[in-house]
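Below is one structure; the comments refer to it alone.
Number of protein chains: 2
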Amino acid sequence: MTRKTKNILFIMCDQLRWDYLSCYGHPRLMTPHIDALAARGVRFARAYVQSPVCGASRMSFYTGRYPQSHGSTWNGVPLKVGELTLGDYLRPLGVRAALVGKTHMRADREGMQRLGIDANSLIGVRVSECGFDPFERDDGLHAEGPEGSYDPVAPRYNRYLRDKGYKGRNPWHDWANAGAGEGGGLASGWAMRHADRPARVREEDSETAYMTRRAIEFMDAAGEQAWCLHLSYIKPHWPYIAPAPYHSMYTAGDVCPVVRSEEERKDPHPIYAEFMNLRASRAFSRPEVRAKVVPVYMGLIRQVDDQLGKLFAFMQDRGLFETTMIVFTSDHGDYLGDHWLGEKDLFHEPSVKIPLIIFDPASAADRARGSVCHELVEAIDLIPTFLEVLGGDPQQHSHRLEGRSLLPFLYAEPAPTPWRRYAISECDYSQLPVAEKLCVAPRDARLYMVADPRFKYVHAIGFRPMLYDLASDPNELRDLGADPAHAGERDRLLAALHQWALRSSQRTTRSEDAIRAERGRAQRRGILIGVWEESELPEELWSGYRGEEN
Amino acid sequence: MTRKTKNILFIMCDQLRWDYLSCYGHPRLMTPHIDALAARGVRFARAYVQSPVCGASRMSFYTGRYPQSHGSTWNGVPLKVGELTLGDYLRPLGVRAALVGKTHMRADREGMQRLGIDANSLIGVRVSECGFDPFERDDGLHAEGPEGSYDPVAPRYNRYLRDKGYKGRNPWHDWANAGAGEGGGLASGWAMRHADRPARVREEDSETAYMTRRAIEFMDAAGEQAWCLHLSYIKPHWPYIAPAPYHSMYTAGDVCPVVRSEEERKDPHPIYAEFMNLRASRAFSRPEVRAKVVPVYMGLIRQVDDQLGKLFAFMQDRGLFETTMIVFTSDHGDYLGDHWLGEKDLFHEPSVKIPLIIFDPASAADRARGSVCHELVEAIDLIPTFLEVLGGDPQQHSHRLEGRSLLPFLYAEPAPTPWRRYAISECDYSQLPVAEKLCVAPRDARLYMVADPRFKYVHAIGFRPMLYDLASDPNELRDLGADPAHAGERDRLLAALHQWALRSSQRTTRSEDAIRAERGRAQRRGILIGVWEESELPEELWSGYRGEEN
């Protein structure tokens, strides 16, 4: 019997580095369930996000468009009310798009108000939720400070915790993201010195376990309609703190050596220099921070893998592995001190490259199982892939969708030639102290990465570029951005960027096919341009112009 | 007493060449009322449209953005539902935005339906009408052919004509755009051989006279609220046919010599060659066509001027010249056979340059009256100008509006340095036979003009560029696009285009000021990144993390 794909399980971790999975080569962190998925599917070795920061990257995943196209270039910049999202593409195919977890999407309230869209209507909710029908939305950052809450939406998870007996106004912080402090107080996970303490929450009530159960509940209740479930974990994103036993599963001895060199700090690119000067960068440059935090980061990943084991077992039981494409990926990486940096934002591999594993149950995918794809792949390729696997035609949406279906790789078919020669990623640093320090106006605080199979070029508005040769310097320790010997490579990659920048990305209201169909149509509707005498055109075109009253 | 501007009268002609007004130097076509406006205001000598075709050009006028930004790159390509338009900018200032005449805007019905916007609601009407409250919308092309009507909206003007006794299903065509034919039949204005016949309609019932009266009726009924009235004439756009006495006011002897050379037809740029091969180009390359059509084109312009005389007299009577900024411009030009071309679309001056005259009644403008501005000015500069003159702050909208206020020129103040060094215009030829003939995919059928004070460069995706030196060749008869001696100029102008293409145009949901204000705000809402120990941050930032239940 030929197996056909009906559902999609689109799993995303937050801030998971590409190389912190055993199937991607981590020597100490074992992730057997994710590895098993890779063994049954295709593992992409060079998958890049469109922006190494949560919000902008996710808006590219969910719209299938570059940040320069969708405009939500940084966390909290609302996604324009007119942008189409995953759900808009899948619903016409009869597929329900549902969310469990994080999107980091800020709704365009101003635009909604201008257009009279009620936030509580079905349309309003979808516009506010990235096109998903929220089964359990939780952006996972329920931080609070003197100016109020970071996320205006109180999570259902807090209610869950309180029902379970976890006390306090914000059990998300006090139990799931804090350990026990001295003298009966809290050891907040926001202070990384506490990273090795167990979170106060029981493992089964922690965020990763809770969200996994919610995904199971969704599938359990889903019925016959096809679905695309976005299971979007907040972890291993900070606060770096894990419930027992994951808090102590790994030790400093399990941590891979830091990737950096003294050379990087000698006369660095001015933007890179300012990023090295950020608090997280300074912290992760200290050995004791890495020694305490990275093992917990690993524990959080291991917990995700264990939970996926449970989810996959449930799916196996229900026969869902026969009908469900499973995608496992991340929204960006984490420097963890590599290159003297913490966090993400810039374009070294630990930040911009992501794990991407796709399992397709279809018989057509059997030949490709366990294979590794080394082509340049982008986050925006997922929507076209989903569309194609569910019977849609990504080409019909090529006036909006900027990525390409990965199905040829999943079916071990020859890639459409030519496949992408450059991967593009963007960084809008206008809200970071970096822009202030360098006196860069918000509109100019932008970086663009152009990666080809060998080189990685970074265009910086108003500054010299950066350049890395991944062949001779796979760890990206030597910036060749000012090296006279590499002027040719820089010119070539800048030209590729310019070609990309001039692409047609906003003519989104008329498809390529519709444009072809429009040719000559005005004439058949009576617009007769440049005609000297009637005989130049077929008689029928004059039918409306004979005058009736005569 | 200091005069202050309260209203705006924004007059647009359709397809009016920059040089077909006596104040712009036409030797035979006298336009005294427009000239008088120029004498009281500022005349812009180098104003460019953002695309030399009705729809795309107008969407740039009405959104203040380049076609590459708003996406409505050709006639009939719907303007995305989320794009803000003139009315959206003016209403918050208490100014009513009203329309009499043409916008050539196609509403984004698909987007409206997706977002649940009722086309008949107030918001729905504005979204469908380019942000205007239509007092009299009439796109002026009520063509009909075997596949139906070009414009789905039946014009009120047809009802008016019928009420006046003009018979037939489509009196717009049968009376206003046709002459009397042989044997009692019609001589349709769509066949240019009839251009010299008088339209069957009486002059006072012709489109230009009718629309002028509608503008007067609007002003008469406007009351105290400030307004911006867009009076948008269809003429002198084709069908080239004029009511008496304008049909015979000028003769072939009044027509300026055609501007073209045999050299242009020797080995032309392949895209230019295909444009020369279009029907309108072939027609206007024939002397008899120019001899018959251009005098009528002149007559139609003269009629506009006469009608403006009536409108201005009314305004003078009502004291509106004390309170109303008056803008006179066009959406693009008309080749009329120059360069072996008809119609518009390409970037020679007859097509891409427009007349632009601005009269500002404010006392501050007294010093500049009668002056001529030679700076590079773009259609997208109007909204910022309107905003500033009405007391708004264009800078607050600089994340959306891509033009710049012209007020410094109106007030004879030093231009903000540096003023624009390049004017940009675009042509999407994907719906023209040109694209088919050249086998260019719809997404690649694009041209970009970069004009600086001396050179005009045209970037053609997939082809060599074109280049004109306006200093040594003001008539643009020599294409230097392949001339080795001009490689440096081409590189310089291409670099300017690339810089433009990389601009930030889609981050439209957060202003530059809001971005600055967001800096550090996440931290004050509890997001504490990269902290090792609590003492690194002010105590208050930890206030939410002490644990209440303890």
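Same order as they appear, the protein sequences are chains A and B. Using the working numbering, you'd call the opening residue of the first sequence number 544 and step up by one each time. Using the working numbering, you'd call the opening residue of the second sequence number 544 and step up by one each time. From the three backbone atoms N, C-alpha and C, an ideal C-beta is built for every residue, glycine too.
**OP:** Starting from the C-beta of SER914/A, find all residues in its chain whose C-beta is less than 6 Å away, skip the five residues before and the five after it, and write them out in chain order.
**Re:** As a first step, residue 914/A is located in the first sequence; it is residue number 371 there, counting from the start. Result list for SER914/A: VAL585, in chain order.
Subject >> is_contact[LYS623/B, chain A] using C-beta, thresh 9 Å >> reply: Numbered from its first residue, the second sequence carries residue 623/B at position 80. Yes, because at least one Cβ of chain A sits closer than 9 Å to the Cβ of LYS623/B.
**OP:** Have a look at GLY880/A, ALA1057/A, ALA1044/A, TYR878/A and flag the residue whose alpha-carbon is nearest the alpha-carbon of GLN939/A.
**Re:** Translated into positions along the first sequence, residue 939/A becomes position 396. Distance from the Cα of GLN939/A is smallest, within the candidate group GLY880/A, ALA1057/A, ALA1044/A, TYR878/A, for ALA1057/A.
Original post:
Is the beta carbon of HIS891/A less than 9 Å from the beta carbon of GLU1019/A?
Top reply: Your numbering for residue 891/A matches position 348 in the first sequence. Your numbering for residue 1019/A matches position 476 in the first sequence. In this structure, GLU1019/A lies closer than 9 Å to HIS891/A by Cβ.
Original post:
Just how far apart, CA to CA, sit SER1054/B and PRO937/B?
Top reply: Taking the first residue of the second sequence as position 1, residue 1054/B is located at position 511. Taking the first residue of the second sequence as position 1, residue 937/B is located at position 394. Here the alpha carbon of SER1054/B sits roughly 11 Å from the alpha carbon of PRO937/B.
**OP:** Could you work out which residues of chain A lie near LEU629/B, taking near to mean beta carbons separated by less than 8 Å?
**Re:** For this step, residue 629/B is matched to residue 86 along the second sequence. Contacts between LEU629/B and chain A, judged by CB atoms closer than 8 Å, are missing: the closest CB pair is about 14 Å apart.
Subject >> Through-space distance from TRP770/A to ASP1026/B, alpha-carbon basis >> reply: In the second sequence, the residue the question calls residue 1026/B occupies position 483. In the first sequence, the residue the question calls residue 770/A occupies position 227. Roughly 59 Å between the two C-alpha positions.
Original post:
Within 10 angstroms of its Cβ, does LYS809/B collect 16 or more other Cβ (buried), or is it exposed?
Top reply: For this step, residue 809/B is matched to residue 266 along the second sequence. So LYS809/B ends up on the exposed side.
**OP:** Give the C-beta separation of GLY506/A and THR1052/B to the nearest angstrom, bearing in mind that I take them to be a contact with Cβ-Cβ under 8 Å.
**Re:** Look at the range of chain A in this structure, 544 to 1093, and you will see that residue 506/A is not part of it.
Original post:
Which value, in whole angstroms, describes the spacing of the CA atoms of ASN1093/B and LEU729/A?
Top reply: As a first step, residue 1093/B is located in the second sequence; it is residue number 550 there, counting from the start. As a first step, residue 729/A is located in the first sequence; it is residue number 186 there, counting from the start. Confidence in ASN1093/B is poor, its pLDDT being 45 and thus under 50, which makes the residue's placement unreliable; the coordinate value appears in the next sentence. ASN1093/B and LEU729/A: Cα-Cα distance of roughly 9 Å.
Original post:
Where do the ends of the alpha helix (DSSP H) carrying LYS853/A lie?
Top reply: Taking the first sequence and counting its residues from 1, one reaches residue 853/A at position 310. Start and end: 830-860.
**OP:** Please name the residues in the region 870-884 of chain B whose beta-carbon is closer than 9 Å to at least one beta-carbon of chain A, in chain order.
**Re:** So the list is empty, because no residue satisfies the distance condition.
Original post:
By DSSP, does CYS673/A sit in helix, in strand, or in coil?
Top reply: Stepping through the first sequence from its first residue, residue 673/A is reached at position 130. In this structure, CYS673/A counts as coil in the three-state DSSP scheme.
**OP:** Consider the C-beta atom of ARG943/A and the heavy atoms of the ligand FAD; say whether any pair is separated by less than 8 Å.
**Re:** Ligands are entirely absent from the displayed structure, and the ligand FAD is therefore not among its contents.
Original post:
Is the CB of ASN1093/B under 9 Å away from at least one CB in chain A?
Top reply: Position 550 of the second sequence, counted from the first residue, corresponds to residue 1093/B. A caution first: ASN1093/B carries a pLDDT of 45, below 50, which makes its placement in the model unreliable, though a value can still be read off. For ASN1093/B, a Cβ of chain A is located within less than 9 Å of the residue's own Cβ.
Original post:
At a Cβ threshold of 9 Å, is ARG1089/B touching chain A?
Top reply: Position 546 of the second sequence, counting from 1, holds the residue named residue 1089/B. Yes, ARG1089/B counts as interfacial toward chain A.
Original post:
What is the DSSP secondary structure of ILE926/B, counted as helix, strand or coil?
Top reply: Residue mapping note: residue 926/B aligns to position 383 of the second sequence, counting from 1. In the three-state scheme derived from DSSP, where H, G and I count as helix and E and B as strand, ILE926/B is classed as helix.
Original post:
Looking only at C-alpha atoms, which of TYR972/A, MET602/A, ALA650/A sits nearest to GLU817/A?
Top reply: Taking the first sequence and counting its residues from 1, one reaches residue 817/A at position 274. The shortest C-alpha separation from GLU817/A is found at TYR972/A.
Original post:
Could you give the distance in angstroms between the alpha-carbon of LEU1040/A and the alpha-carbon of THR872/B?
Top reply: Position 497 of the first sequence, counting from 1, holds the residue named residue 1040/A. Position 329 of the second sequence, counting from 1, holds the residue named residue 872/B. Using only the alpha carbons, I get a separation of about 37 Å.
Subject >> LYS778/A versus LEU843/A - alpha carbon distance >> reply: If you number the first sequence from 1, residue 778/A lands on position 235. If you number the first sequence from 1, residue 843/A lands on position 300. If I take the Cα positions, the gap works out to 7 Å.
Original post:
Between the region 733-748 of chain B and chain A, which residues of the former have a C-beta closer than 7 Å to a C-beta of the latter?
Top reply: Hits within the stretch, in order: TRP733, ALA734, MET735, ARG736.
Original post:
With contact counted as at least three CB pairs below 8 Å, one residue from each stretch, are the region 658-676 of chain B and the region 654-670 of chain A in contact?
Top reply: With the rule of 3 Cβ pairs closer than 8 Å, the region 658-676 of chain B counts as touching the region 654-670 of chain A.
Original post:
Nearest chain B C-beta to TYR1000/A closer than 9 Å, yes or no?
Top reply: Position 457 of the first sequence, counted from the start, is the residue given in the question as residue 1000/A. Interface criterion not met: the Cβ of TYR1000/A is under 9 Å from no Cβ in chain B.
**OP:** Kindly indicate if chain A contains any beta-carbon less than 9 Å away from that of ASP971/B.
**Re:** Residue 971/B sits at position 428 when you count from the first residue of the second sequence. At a cut-off of 9 Å between beta carbons, ASP971/B contacts chain A.
Original post:
Taking C-beta to C-beta, are LEU1045/B and ALA1044/A nearer than 9 Å?
Top reply: To locate residue 1045/B, count along the second sequence from 1; it is residue 502. To locate residue 1044/A, count along the first sequence from 1; it is residue 501. Against a cut-off of 9 Å, the Cβ pair of ALA1044/A and LEU1045/B comes out as a contact.
**OP:** Express the C-alpha separation of VAL895/B and PRO595/B in angstroms, rounding to a whole number.
**Re:** The count along the second sequence starts at 1 and reaches residue 595/B at position 52. The count along the second sequence starts at 1 and reaches residue 895/B at position 352. For PRO595/B and VAL895/B, the gap between their C-alpha atoms comes out near 5 Å.
Subject >> Three-state secondary structure (DSSP) of GLY619/A >> reply: Position 76 of the first sequence, counted from the first residue, corresponds to residue 619/A. Correct three-state label for GLY619/A: coil.
Original post:
So who's on the other strand from ILE897/B, going by DSSP bridges?
Top reply: Within the second sequence, the letter at position 354 stands for residue 897/B. In the DSSP output, where bridge partners are listed per residue, ILE897/B has ALA590/B.
Original post:
In chain order, what residues of the same chain lie with their CB nearer than 7 Å to the CB of SER968/A, ignoring the 5 residues before and after it?
Top reply: What you label residue 968/A is simply residue 425 of the first sequence in a count that begins at 1. TYR591, VAL592, GLN593, SER594, PRO595, PHE890, VAL895, MET992.
Original post:
In whole angstroms, what separates the C-alpha of ALA978/A from that of TYR878/A?
Top reply: As a working note, residue 978/A is residue 435 in the first sequence. As a working note, residue 878/A is residue 335 in the first sequence. Whole-angstrom Cα-Cα distance: 20 Å.
Original post:
With contact counted as at least three CB pairs below 8 Å, one residue from each stretch, are the region 679-697 of chain A and the region 633-648 of chain A in contact?
Top reply: Between the region 679-697 of chain A and the region 633-648 of chain A there are three or more C-beta pairs closer than 8 Å, enough to call the two in contact.
**OP:** Please check if any C-beta of chain B sits within less than 9 Å of the C-beta of GLY1031/A.
**Re:** For the purposes of this step, residue 1031/A is taken as the residue at position 488 of the first sequence. With its beta carbon at least 9 Å from every one in chain B, GLY1031/A lies outside the interface.
Original post:
By how many angstroms is the C-alpha of LEU1010/B removed from the C-alpha of ASN713/B?
Top reply: For the purposes of this step, residue 713/B is taken as the residue at position 170 of the second sequence. For the purposes of this step, residue 1010/B is taken as the residue at position 467 of the second sequence. Each residue's alpha carbon lies about 45 Å from the other.
Original post:
Along the region 1028-1056 of chain A, what residues have a CB closer than 7 Å to any CB found in chain B?
Top reply: Residues passing the 7 Å Cβ filter: HIS1041, ALA1044, LEU1045, SER1047, GLN1049, ARG1050, THR1051, THR1052, ARG1053, GLU1055.
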